[in-house]
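Visitor: The structure that follows is given in the form of structure tokens.
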């Protein structure tokens, strides 16, 4: 199989999220949610991929995730609802409701609960077995991005607010922080070791922060410029739309509206690699659980919206990662 290939039968509009199956047996199965209202499931183990199923949903989708066993999916978007999708039958059952768009959905494997974050300024814990809400936490701003490591939940919001919760005690944030970035948050992703998280903004910057509040550890946090291009008399600055950590090496990739994907070693504070430019702005990234494949979705500018996107300029590339690719050189 080639170093990278384009998936056939890609969604026709902006691909908002790509998620590899968490199980070892089906780690090559990839979910893709799209603004064209579809949820697609691909087998990426074969050249050009194979579309296994496509589910038509009610409204544009902003995020998706797998359940613990990798048999069902959860979706959220402009319908203002969280749905559980049976990938064999295509049935979509409502498991939660919001008052505005659902921007982020996660599955917490320790409790079996779905975590949803919305533009209605709430984070909800949902029991998919009973289709009931276990807890609702009100936030000061719209939720833009979330991620989890073990029992810690990081919520990136408008207003440069970041709340960190112990998901077992949602009444109060474990920590309240102001983002290390000066402009709107686009993505937050937790470091696999559980020591902290990376976040990105619309202003071509990435920050690395740590959970330990001690002064010695907080002195290690930093932010850096990226996804920029020097032009005459100015720098072109691009949004950093997605981040994804390598599960084995602890390094991470970033994707931007400059159509580029870069690998970073956050401990050495160095860029390891930059891949050739993709056909459109990079919207979502994901590395599989084995660290052997990178999924890259690209397409029209998500901030322009559905009507501003160029039809046909959306796609998903699967890039094979060698054993040393993305590994720290220190």
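In this note's numbering, the protein residues as written are 5 to 334. Cβ atoms here follow ideal geometry from the backbone N, Cα and C, with glycine treated the same way. Source: prediction; values computed, not measured.
#1: Rounded to whole angstroms, what's the CA-CA distance from residue 33 to residue 239? Just pull it up for me.
#2: Could you tell me the distance, in whole angstroms, from the CA atom of residue 127 to the CA atom of residue 143?
#3: Which value, in whole angstroms, describes the spacing of the CA atoms of residue 165 and residue 189?
#4: Could you please give the first and the last residue of the uninterrupted beta strand (DSSP E) stretch that includes residue 8?
#5: Check for me: the beta strand (DSSP E) holding residue 278 runs from which residue to which?
#6: What is the DSSP secondary structure of residue 257, reduced to helix, strand or coil?
#7: Could you give the DSSP three-state label for residue 3: helix, strand or coil?
#8: By Cβ distance, which residues of its chain are closer than 6 Å to residue 139, with the 5 residues on each side in sequence left out?
#9: If you measure from the beta carbon of residue 208 to each beta carbon in chain D, is any gap under 8 Å?
#10: Alpha carbon to alpha carbon, what distance is there between residue 328 and residue 107?
#11: Among 273, 43, 318, which one has its Cα closest to the Cα of residue 285?
#12: Taking the alpha carbon of residue 35 as the point to measure from, which residue in 44, 28, 29 has its own alpha carbon closest?
#13: Bridge partners of residue 167, per DSSP?
#14: Taking residue 261 and residue 297 to be in contact with their CB atoms under 8 Å, please state how far apart those CB atoms are, rounded to whole angstroms.
#15: Reducing DSSP to helix, strand and coil, say where residue 128 ends up.
#16: Could you spell out where the beta strand (DSSP E) holding residue 269 opens and where it closes?
#17: Go ahead and pull the three-state DSSP assignment for residue 212.
#18: Per DSSP, what kind of secondary structure is residue 222 in: helix, strand or coil?
#19: Where does residue 72 land, buried or exposed, given buried means 16+ other C-beta within 10 angstroms?
#20: Taking just the CA atoms, how far does residue 220 sit from residue 48?
#21: DSSP three-state call for residue 287: helix, strand or coil?
#22: Using 10 angstroms around the beta-carbon of residue 10, count the other beta-carbons present and answer buried if the total reaches 16, otherwise exposed.
#23: Could you give the C-beta distance for residue 118 and residue 178, rounded to a whole number, given that I count them as a contact under 8 Å?
#24: Nearest CA to the CA of residue 320: which residue from 133, 39, 28, 52?
#25: Pick helix, strand or coil for residue 61, following the three-state DSSP scheme.
#26: Could you give the residue range of the beta strand (DSSP E) that holds residue 38?
#27: Please list, in chain order, all residues of the same chain as residue 114 whose beta carbon is under 7 Å from its beta carbon, the five residues on each side excluded.
#28: Looking at residue 187: is its Cβ nearer than 8 Å to the Cβ of residue 206?
#29: Would you give the residue range spanned by the beta strand (DSSP E) that residue 201 belongs to?
#30: Consult DSSP for residue 79 and reduce its assignment to one of helix, strand or coil.
Guide: A quick look at the data gives this:
#1: 39 Å
#2: 7 Å
#3: 9 Å
#4: 8-10
#5: 274-278
#6: strand
#7: Coverage of the chain is limited to positions 5 through 334, which leaves residue 3 absent and any answer about it impossible.
#8: 129, 174
#9: Going by chain labels, chain D is absent from the structure shown, which holds only one protein chain.
#10: 34 Å
#11: 318
#12: 44
#13: 159, 180
#14: Actually they are not in contact, since the Cβ atoms of residue 261 and residue 297 sit about 23 Å apart, beyond 8 Å.
#15: strand
#16: 265-269
#17: strand
#18: helix
#19: exposed
#20: 43 Å
#21: strand
#22: exposed
#23: That pair is no contact at about 20 Å.
#24: 52
#25: coil
#26: 33-38
#27: 155
#28: yes
#29: 200-205
#30: strand
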